[in-house]
Amino acid sequence: MTTDPRPAPTPGASAPRPAGAPGVVDWSAAAELAARVAPPGPRATRAELAELVGGLRDAASDAVDHVLATTRMTPAGGVRRVAGGPRDGAATLGSVHVVDRATWALANTQVMAAMTDPVAAALDEADMPTSQAARLGGALEIGALLALLAPRVLGQFDPYARLSADAEAAGPSAAGAPGPSMAGEPGPSATGGPDLSADGEPGLSVAGEPGPASAHVRRPAVAGAAAPGRLLLVAPNVLHAERTMGVNPRDFRLWVCLHEQTHALQFAAAPWLAEHLRGRVGGLLEDMTRTAVGLAKAPLHEKLATAGRTVADVVTGAFKPGSAAPFERLLTPGQKDDLAQVTAVMALLEGHADVMMDAVGPRVVRTVRQIRQRFEKRRDGEGAPGLDVVLRRLLGMDAKLAQYRDGAAFVRDVERQVGRDGLNAVWTSPDTLPTAREIADARAWVRRVHG
Numbered sequence: 081m082t083t084d085p086r087p088a089p090t091p092g093a094s095a096p097r098p099a100g101a102p103g104v105v106d107w108s109a110a111a112e113l114a115a116r117v118a119p120p121g122p123r124a125t126r127a128e129l130a131e132l133v134g135g136l137r138d139a140a141s142d143a144v145d146h147v148l149a150t151t152r153m154t155p156a157g158g159v160r161r162v163a164g165g166p167r168d169g170a171a172t173l174g175s176v177h178v179v180d181r182a183t184w185a186l187a188n189t190q191v192m193a194a195m196t197d198p199v200a201a202a203l204d205e206a207d208m209p210t211s212q213a214a215r216l217g218g219a220l221e222i223g224a225l226l227a228l229l230a231p232r233v234l235g236q237f238d239p240y241a242r243l244s245a246d247a248e249a250a251g252p253s254a255a256g257a258p259g260p261s262m263a264g265e266p267g268p269s270a271t272g273g274p275d276l277s278a279d280g281e282p283g284l285s286v287a288g289e290p291g292p293a294s295a296h297v298r299r300p301a302v303a304g305a306a307a308p309g310r311l312l313l314v315a316p317n318v319l320h321a322e323r324t325m326g327v328n329p330r331d332f333r334l335w336v337c338l339h340e341q342t343h344a345l346q347f348a349a350a351p352w353l354a355e356h357l358r359g360r361v362g363g364l365l366e367d368m369t370r371t372a373v374g375l376a377k378a379p380l381h382e383k384l385a386t387a388g389r390t391v392a393d394v395v396t397g398a399f400k401p402g403s404a405a406p407f408e409r410l411l412t413p414g415q416k417d418d419l420a421q422v423t424a425v426m427a428l429l430e431g432h433a434d435v436m437m438d439a440v441g442p443r444v445v446r447t448v449r450q451i452r453q454r455f456e457k458r459r460d461g462e463g464a465p466g467l468d469v470v471l472r473r474l475l476g477m478d479a480k481l482a483q484y485r486d487g488a489a490f491v492r493d494v495e496r497q498v499g500r501d502g503l504n505a506v507w508t509s510p511d512t513l514p515t516a517r518e519i520a521d522a523r524a525w526v527r528r529v530h531g
């Protein structure tokens, strides 16, 4: 996922409620809250919107062949091609959706709901929240978090789109967890959110126009296997970032799409990866949930002591570079080890995408060096207000940036030792993924995998 760490200034937004009965969390309420609280982004004319949306679609399509050539990776089922339309015969790695911030938040509540179904199913019935107030409490936390993140995400590849579609088709799970859909949007939604029309959309203000304009779905036919995931490009955030940094819009949009299409290729080349990651994360979430349930049943004095220690750690740690993200302070030693292994995989995915988006080179992205330089300053929060820096710490975004850099260093070190083809052995199986220790010691990974 490509993120822009600085928020846009404009307030207000709206989005449709997703369908689905509430379970552990009222996902409809979470999506609606995020949509209402997240700022909608910069103002633009209709002509600017048309150019932005069309440019992002073109960039997403153009990026695929560059990523295939640069990474030297191939999807497990072979390269898929678009059938018909202006992009007839073009390589594709999944569906592409140009969305606003509200729809990005909605898509992420879909993924969260589908990912947490197994966790809810594993809980004892007595441990499930029974009141609407409890479900709304979870919705408030998640909705607020998504609203804070919504202005920062430029693009995101979602390998779990089918989980959302399957949950929607099956209805509420046995555990009561929702299967939210894009209810309220025009057209079917099995693959996710709507593309934005050239006439504008709710998350981008049309200069001189009262209120939001229309949106619609555009999905080309694809020859070959069903799409493994969906790529979301958050149009207002891309526009805000390219304006603020003063970079070439066409180059910047392609650069962002190179990163996200590399993620799409990672999951296409290693079809086991999505389920492996889901299993590791699901196991960790289940364990953490049981710990939280145990704390909820603990005596009052124990709850207060734990809360006091956590608040003190969060307040002091928020101002210390390199300290753990706040939620990590609630983990047991075993959970921290599990999280470290999951983080190692995420570091690989993000670092690999970061290296490949630059490796395409200036022959494709002419101003790539300027974009990288300005983007890194932005990532580091140069010129950001103090409150934004604290928010980044509290949200764990500094840890996210460390993932990019640790993973990129691992990828470069491995390539220096065994080349790009040698690096690609990492996608062979779960056993060839780097461990938490190996992410910081590429030689150890090379010795283990290549002998």
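Take the position in the sequence shown, starting the count at 1, then add 80; the result is the number in the working numbering.
Ideal placement from N, C-alpha and C gives every residue a C-beta, glycine not left out.
Taking a 10 Å sphere around the C-beta of serine 509, we find fewer than 16 other C-beta atoms and assign the residue as exposed. In this structure, DSSP gives serine 108 a helical state, which the three-state scheme calls helix. For the 9 angstroms CB-CB criterion, phenylalanine 490 and alanine 420 do not form a contact. Counting of Cβ neighbours within 10 angstroms places glutamine 236 among the buried residues, the total reaching 16 or more.
In the DSSP assignment, valine 445 falls outside any beta strand (DSSP E) and carries neither an H nor an E. Note on geometry: alpha-carbon atoms of aspartate 511 and glutamine 415 lie some 20 angstroms from one another.
Around the beta carbon of histidine 339, 16 or more other beta carbons lie within 10 angstroms, which makes this residue buried. By the C-beta density criterion, threonine 154 is exposed, having fewer than 16 other C-beta atoms within 10 angstroms. Between the stretch 431-443 and the stretch 350-359 there are fewer than three C-beta pairs closer than 8 angstroms, too few to call the two in contact.
Secondary structure note for arginine 161: its beta strand (DSSP E) is the uninterrupted segment 160-162. In the DSSP assignment, aspartate 438 falls within the alpha helix (DSSP H) that extends over 413-439. Within the same chain, Arg161, Val162 come within 7 angstroms of glycine 169 by CB-CB distance, once the 5 residues on both sides are set aside.
When beta bridges are read from the DSSP output, leucine 312 appears opposite His177, Gln236. Apart from sequence neighbours up to five positions away, the residues of its chain that approach proline 329 with a beta-carbon distance below 6 angstroms are Glu322, ordered along the chain. Taking a C-beta distance under 9 angstroms as the contact criterion, tryptophan 107 and alanine 241 do not qualify as a contact pair. Following the DSSP letters along the chain, one finds aspartate 331 inside the alpha helix (DSSP H) bounded by residues 329-349. Linking glutamate 128 to methionine 325 through their CA atoms gives a straight-line distance of about 18 angstroms. Secondary structure at threonine 515: coil, using DSSP grouped into helix, strand and coil. Boundaries for glycine 165: no alpha helix (DSSP H) harbours it, and the DSSP string shows neither H nor E there. Between leucine 234 and valine 336 a beta carbon distance of about 5 angstroms is seen, short of the 8 angstroms cut, so the two are scored as contacting.
In the DSSP assignment, glycine 134 falls within the alpha helix (DSSP H) that extends over 126-151.
Between leucine 311 and histidine 432, the CB-CB gap reaches or exceeds 9 angstroms. For glutamine 483 against glutamate 430, the beta-carbon gap comes to about 5 angstroms, under 8 angstroms, which counts as contact. The DSSP-derived three-state label of threonine 172 is strand. With a threshold of 16 other beta carbon atoms within 10 Å, proline 316 meets it and is buried.
Within its own chain, the residues whose Cβ lies closer than 8 angstroms to the Cβ of valine 318, once the five positions on either side in sequence are excluded, are Leu132, Leu136, Leu234, Gly235, Phe332, Arg333, Val336, listed in chain order. One thing to note: alanine 227 has its Cβ within 9 angstroms of the Cβ of alanine 185. For alanine 115, the closest alpha carbon among the candidates Asn504, Ala194, Arg181, Leu357 is that of Arg181. For alanine 522, the enclosing alpha helix (DSSP H) stretches over residues 522-530.
Straight across, the Cα-Cα distance linking aspartate 417 with leucine 148 is about 34 angstroms.
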